[in-house]
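Asker: I am attaching a structure below and will ask some questions about it afterwards.
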Ligand SMILES: [Zn+2]
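Residue numbers (my numbering): 1 to 116.
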């Protein structure tokens, strides 16, 4: 027997014995259970969202390969290792202008990391 069915039985008994205090407590309990069910539903939705986010992040990590000091997705890339390792963000690095070539070959547009 679920909680709602139990409450309904108690409410029915409370009406039978005509005890106002038990009837009021039963009504309060009914509201508390409704609140808990709403919170549980929100938690289930949040849990599903987080599971999907975790699966997406795990898939993203497994697709990446580390090559020549940067991450690649097959031939796509290169991607910033700092952004990926710290924020799980796949940020393409850009070629440095020739005048800044001594700082590195690539630069991350988000975290400004330089890569040779
Ligand atoms: Zn970065």
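Just so it is clear, CB atoms sit at the ideal spot from N, CA and C, and this is done for glycine as well.
Cβ atoms of residue 7 and residue 35: under 9 angstroms apart, would you say?
Answerer: Within the chain shown, the letter at position 35 stands for residue 35. Within the chain shown, the letter at position 7 stands for residue 7. Not in contact: residue 35 and residue 7 (Cβ atoms no closer than 9 angstroms).
Asker: Tell me whether the region 35-50 and the region 70-77 touch, counting them as touching only if at least three CB pairs, one residue from each stretch, are closer than 8 angstroms.
Answerer: No: the two stretches stay apart, fewer than three of their Cβ pairs being nearer than 8 angstroms.
Asker: Considering only heavy atoms of ligand 1, does any lie closer than 8 angstroms to the CB of residue 80?
Answerer: Residue mapping note: residue 80 aligns to position 80 of the chain shown, counting from 1. Under cutoff, so the answer is yes.
Asker: When you compare each of 21, 57 and 62 to residue 87 by their alpha carbons, which one comes out closest?
Answerer: For the purposes of this step, residue 87 is identified with residue 87 of the chain shown, where counting begins at 1. When each option's Cα is compared against that of residue 87, the closest is 57.
Asker: Using CA atoms only, rank isn't needed, just tell me which of 18, 101, 89 and 93 is closest to residue 63.
Answerer: To locate residue 63, count along the chain shown from 1; it is residue 63. Taking only the C-alpha atoms, the option nearest residue 63 is 89.
Asker: Quick check on the burial criterion: 16 or more other C-beta atoms within 10 angstroms. Buried or exposed for residue 17?
Answerer: To locate residue 17, count along the chain shown from 1; it is residue 17. Counting Cβ neighbours within 10 Å, residue 17 comes out exposed, since fewer than 16 surround it.
Asker: Can you tell me whether residue 99 is buried or exposed, with buried defined as 16 or more other CB within 10 angstroms of its CB?
Answerer: By one-based count along the chain shown, residue 99 stands at place 99. By the neighbour-count rule (16 or more Cβ atoms within 10 Å), residue 99 is not buried but exposed.
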